[in-house]
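What follows is a set of notes on a single structure, which appears directly below.
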Amino acid sequence: MLNDEGIVAGCEGDIPALISMAILHYLTDEPVFMANPSSIDIDKNEIILAHCTLPLNMPDEFYLKTHFESGLGVGIKGVIEEGEATIFKLSRDGKEYFVSGGEIIENLNSENLCRTQIRFRMNEGVKYFLQNSLGNHHLICKGNYSKLVREFFKW
């Protein structure tokens, strides 16, 4: 709800993800979804990303379900419009970052994952997540802003 109001908020005390979220939001003026990599398909260069919360002004529709890991409380199942998107993460020390444009190609409904689930086809190599990922939580917004993020980090 705070993210809906333009107040950047994350979870689990993940400060690098929170800073990444703030950068992506303030550069793009788009709502930003924090998500965990859940499944990787190297051959298709796709990743499934999932989380139990997202800004309510990002999905086309949403449903209230239970929180995945605990089965308690509320988790949000959002349906995000398919199309161009950006995935981004800043390292803990702020010296490195990862960004890729890509496409949200599907919303999923697995009961064995956090509630909001997307299949994302990346422009950059998905092996990043297996070989040198900067952390678990990554940030996604609608629209391809990878060039804008790279320009921001040039200075």
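Residue numbering for the sequence shown follows my numbering, beginning at 33 and increasing consecutively. Glycine included, C-beta positions come from ideal geometry on N, C-alpha and C.
Between which two residues does the beta strand (DSSP E) containing residue i stretch?
i, result
"Ile119", "Gly115 to Leu122"
"Phe65", "Phe65 to Asp73"
"Glu93", "Glu93 to Lys97"
"Ile80", "Glu78 to His83"
"Lys109", "Gly107 to Val111"
Which residue's Cα is closest to the Cα of residue i: the options?
i, options, result
"Ile136", "Asn176, Ile108, Phe130 and Gly157", "Asn176"
"Gly133", "Lys127, Lys121, Asn139 and Glu143", "Lys121"
"Ile55", "Arg153, Tyr129, Gly105 and Gly107", "Tyr129"
"Asn141", "Met154, Glu116 and Cys84", "Cys84"
"Glu114", "Gly107, Phe94 and Glu138", "Glu138"
"Phe161", "Ile80, His57, Val64 and Lys174", "Ile80"
What does the alpha-carbon distance come out to for the pair residue i and residue j?
i, j, result
"Asp61", "Gly157", "26 Å"
"Thr118", "Gly38", "19 Å"
"Ser123", "Pro48", "6 Å"
"Lys97", "Trp187", "43 Å"
"Leu180", "Ser52", "14 Å"
"Lys109", "Glu143", "11 Å"
"Asn45", "Leu59", "As written in the sequence, residue 45 is Gly, which differs from the Asn given in the question. Roughly 22 Å separates the two Cα atoms."
"Cys146", "Asn68", "9 Å"
"His57", "Phe65", "10 Å"
The alpha helix (DSSP H) with residue i in it runs from where to where?
i, result
"Ile47", "Ile47 to Thr60"
Assuming residue i and residue j form a contact by the criterion Cβ under 8 Å, report the distance between their Cβ atoms to the nearest whole angstrom.
i, j, result
"Asn77", "Met154", "5 Å"
- Item | Minimum length 4: unbroken alpha helix (DSSP H) runs contained in the stretch 158-184 | At a cut-off of 4 residues, the continuous stretches assigned as alpha helix (DSSP H) that sit fully inside the stretch 158-184 are 160-163 and 178-184.
- Scan the stretch 131-159 and note each continuous alpha helix (DSSP H) run of 4 residues or more that stays entirely inside, going in chain order. Contiguous alpha helix (DSSP H) elements confined to the stretch 131-159 do not occur, taking only those with 4 or more residues.
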